[in-house]
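Each remark here refers to the structure printed beneath this line.
Residue numbers (the numbering used here): 7 to 65.
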């Protein structure tokens, strides 16, 4: 068996980008919701989920 070296390019991928987009959007949406900004929270949470799903589907 041959071991392959991991480079900086290999460890980051579109899956990580999509995951962090969704998680950040949910976190920011929850913080806005708690502060009383329900409409912006829904827009940010919903758009981050859609962007994350689009990124996963496009990959």
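Glycine included, C-beta positions come from ideal geometry on N, C-alpha and C.
Beta-carbon proximity list for residue i, same chain, < 6 Å, skipping 5 on both sides
| i | result |
| --- | --- |
| residue 47 | 35, 38 and 39 |
| residue 24 | 58, 61 and 62 |
| residue 27 | 54, 57 and 58 |
| residue 31 | 50, 51 and 54 |
Residue i to residue j span [Cα, whole Å]
| i | j | result |
| --- | --- | --- |
| residue 56 | residue 62 | 10 Å |
| residue 43 | residue 20 | 30 Å |
Below-9 Å beta-carbon distance, residue i vs any chain E residue
| i | result |
| --- | --- |
| residue 45 | Included in the structure is just one protein chain, with no chain E present. |
Residue i, DSSP secondary structure in three states
| i | result |
| --- | --- |
| residue 43 | coil |
| residue 18 | coil |
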